[in-house]
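Structure record follows, encoded as C-alpha cells.
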Amino acid sequence: NAGVTQTPKFQVLKTGQSMTLQCAQDMNHNSMYWYRQDPGMGLRLIYYSASEGTTDKGEVPNGYNVSRLNKREFSLRLESAAPSQTSVYFCASSEYTGGAFFEQYFGPGTRLTVT
Amino acid sequence: GEDVEQSLFLSVREGDSSVINCTYTDSSSTYLYWYKQEPGAGLQLLTYIFSNMDMKQDQRLTVLLNKKDKHLSLRIADTQTGDSAIYFCAVMDTGRRALTFGSGTRLQVQP
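Printed below as a string of C-alpha cells:
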C-alpha cells in the first residue's frame, strides 16, 4: 500500500517548456487535489477533482491544466512554464463521505524549478 | 474564502514547551486540523479537534480552541529535536471539499 505517489521528484524546466506531473493513489479515494507550496504562503489549491470525471479550479489555477485519468490518477500539466511556477507541488487524496471528519493524504512532492 | 494565518517561525530549546498559534476567519469547519511536514516530505495529519471542544490532549500534544476569537493553538510539551518541522493548521473548505491551510510555522528546536 504505497498511498499517494508522485513523479518526478525533481524537475528543471526552461521558460516556455511543457511538462506533466503525475499522481496516483491506491486508497480508492474519490477526491484528488493539486497544491503548490511556496515559502511563507502555505499550500494553495490549484485544482481538485471531487470524483472521477470531474475537475474544478482552486485558488490559483492560471497556467495549469489537469486530467483525472481514472479513479487512481490525477495529472497536472504546465503548458508553457514560467519562472513564477517554480514551487513544490503536492498531490493529495481523500475520501469525502459527507461526514464531518476529513483527512487528506499527501504525496512526497515534486520540486520544480523553471529557469 | 477562508483565511488562515500563522506566524512563520518559532525557535525553542530542547525540553521546553512550544506553542504554535493560528487564527481563522470562517467558523463553519466542524473539525480543525494540525498537519506536520518534515524536511523534504509531504504533509501528515498530526492531530485535530472537534469544533465543540475547547481542548484536546494527545500525549505530548495539546490543542486549544477559542471559537469566540477564532484562535487555535498547538502546544508540544518537552519538545525534542525530532519535532523540528513545519506545522500547518487547516480548516475545511466545505464548498471545495478541500482543506485550506495556513502559511505554516517552522519550528526549530535547539539542542
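Those sequence lines, one after another, are chains A and B. Residues in the first sequence are numbered consecutively from 2, following my numbering. Residues in the second sequence are numbered consecutively from 4, following my numbering. Even glycine gets a Cβ: it sits at the ideal position worked out from N, Cα and C.
query: Where does A/GLY43 sit, in a helix, a strand or coil, going by DSSP?
result: strand
For A/PRO40 and B/LEU75, the rounded distance between their alpha carbons: 22 Å
message: Please tell me whether B/MET58 has its Cβ less than 8 Å away from any Cβ of chain A.
response: no
- prompt: Is the Cβ-Cβ distance between A/PHE91 and A/LEU14 less than 8 Å?
  reply: In this structure, the beta-carbon distance from A/PHE91 to A/LEU14 does not fall below 8 Å.
- prompt: Quick one: Cα of B/THR103 to Cα of B/ALA93, how far?
  reply: 5 Å
query: Where do the N-terminal and C-terminal ends of the beta strand (DSSP E) with A/MET20 fall, by residue?
result: Note, A/MET20: beta strand (DSSP E), 20-26.
message: Here's the rule: buried if 16 or more other CB atoms are within 10 angstroms of the residue's CB, otherwise exposed. What is A/ALA93?
response: Per the 10 Å Cβ criterion, buried.
task: May I ask which residues mark the beginning and end of the beta strand (DSSP E) holding B/ASN24?
output: Note, B/ASN24: beta strand (DSSP E), 21-27.
message: Starting from B/HIS74, trace the beta strand (DSSP E) in both directions and tell me its first and last residue.
response: 74-79
field: Rounded C-alpha distance that separates A/SER76 from A/VAL67
entry: 6 Å
- prompt: Do the region 54-62 of chain A and the region 3-14 of chain A touch if we need at least three Cβ pairs shorter than 8 Å?
  reply: Pairwise C-beta distances place the region 54-62 of chain A out of contact with the region 3-14 of chain A, as fewer than three of them are shorter than 8 Å.
B/SER31 vs B/LYS73 beta-carbon contact at 8 Å: no
- prompt: How big is the Cα-Cα spacing for B/GLN111 and B/PHE12?
  reply: 8 Å
Validate contact between the region 69-84 of chain A and the region 77-86 of chain B using beta carbons, cut 8 Å, 3 pairs: Not touching, per the Cβ criterion.
task: Say whether chain A places a C-beta atom closer than 8 Å to the C-beta of B/SER106.
output: Under the Cβ criterion of 8 Å, B/SER106 is counted among the residues facing chain A.
message: Is the beta carbon of B/PHE91 closer than 8 Å to that of B/LEU48?
response: It is not a contact, given that the beta carbons lie outside the stated cut-off.
task: Out of B/GLY107, B/TYR34 and B/GLY18, state which residue places its alpha-carbon closest to the alpha-carbon of A/GLU104.
output: Residue B/TYR34 is the option with its Cα nearest to A/GLU104.
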